[in-house]
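J.: Before we start, here is the structure in question, set down as structure tokens.
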Amino acid sequence: MKQIWYELKSQPVISAVTVIGTALAMFLIMVVVMLHQVTVIDLAPETKRSRTLYMGRGILEGFGSNENVIQSNLSTAIAAELTESLEEAEATSIYCPYVSRALANTEGNPTFAADAKRVDDGFFRIIDLEFIAGKPFDRADIM
Numbered sequence: 005m006k007q008i009w010y011e012l013k014s015q016p017v018i019s020a021v022t023v024i025g026t027a028l029a030m031f032l033i034m035v036v037v038m039l040h041q042v043t044v045i046d047l048a049p050e051t052k053r054s055r056t057l058y059m060g061r062g063i064l065e066g067f068g069s070n071e072n073v074i075q076s077n078l079s080t081a082i083a084a085e086l087t088e089s090l091e092e093a094e095a096t097s098i099y100c101p102y103v104s105r106a107l108a109n110t111e112g113n114p115t116f117a118a119d120a121k122r123v124d125d126g127f128f129r130i131i132d133l134e135f136i137a138g139k140p141f142d143r144a145d146i147m
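Note that this note's numbering has the sequence shown beginning at 5, numbered continuously upward.
Here is the structure:
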């Protein structure tokens with residue numbers, strides 16, 4: 005320990021660079037681990053994230069005479085067909101990942117523009133949102 009202290013005092017610039025470099029390396033490793041954990045662990049409102057399967061894009065390879073590769077977002081019909089065949093799924097939902105602007109109003113208040121994401125009734129069985137007032141819609145509200 006005395007030797008380490010002597011080296012730190014005898015070469016302060018090199019010691020400072022070494023200590024700062026080590027601290028910065030540890031900090032950056034912690035940031036990378038934390039950023040990865042945020043995408044994996046179950047955090048509200050996605051409390052079932054560890055048991056969730058996400059399907060977003062369809063890829064068709066070997067299409068046509070030139071062996072083309074085509075990829076696109078899944079249509080609602082194809083997504084429904086794929087998710088209905090999942091026998092062990094607790095719940096399924098189809099939603100559009102893109103946000104669109106929609107006009108909304110409540111009783112006694114003026115109409116306002118709001119961001120809207122198109123979802124089906126199964127969305128609220130997977131995503132745990134807390135409502136200040138009201139409740140999530142269900143299949144009966146859609147019909």
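Beta carbons are placed, not taken as given, at the ideal position from N, Cα and C, and that holds for glycine.
Can you list the beta strand (DSSP E) stretches of 3 or more residues lying completely in the stretch 87–141, in chain order?
T.: Taking only runs of at least 3 residues, the beta strand (DSSP E) segments lying wholly in the stretch 87–141 are 104–108, 116–120.
J.: Can the beta-carbon of D132 be found closer than 7 Å to that of T51?
T.: Yes. Within cutoff.
J.: Between the stretch 58–74 and the stretch 128–147, do three or more beta carbon pairs fall short of 8 Å?
T.: With a cut-off of 8 Å, the stretch 128–147 and the stretch 58–74 do not count as touching, because too few Cβ pairs lie within range.
J.: Taking DSSP as the reference, what is the three-state secondary structure of L47?
T.: Strand, per DSSP.
J.: Between E94, V103, I136, which lies nearest to I130 when the distance is taken from Cα to Cα?
T.: Ranking the options by Cα distance to I130, first place goes to E94.
J.: Does the stretch 103–117 touch the stretch 21–35, meaning 3 or more C-beta pairs lie closer than 8 Å?
T.: These segments do not touch.
J.: From the DSSP output, in three-state form, read off S79 for me.
T.: Looking at S79 - three-state DSSP - the assignment turns out to be coil, as it is neither helix nor strand.
J.: Checking the sheet assignment: what are the DSSP bridge partners for N70?
T.: Partner(s): none; N70 has no beta bridge.
J.: At what residues does the alpha helix (DSSP H) containing L12 begin and finish?
T.: Per DSSP, L12 belongs to the alpha helix (DSSP H) from 6–14.
J.: State buried or exposed for I45, treating a residue as buried only when at least 16 other CB atoms are found within 10 Å of its CB.
T.: That one is exposed.
J.: Of all the options I8, I98, E85, which has the alpha carbon lying nearest to the alpha carbon of G126?
T.: If we check each option's Cα against that of G126, I98 comes out closest.
J.: Taking C-beta to C-beta, are A117 and S104 nearer than 7 Å?
T.: No. Outside cutoff.
J.: In the DSSP output, which residue or residues are listed as bridge partners for G62?
T.: In DSSP, G62 forms a bridge with S76.
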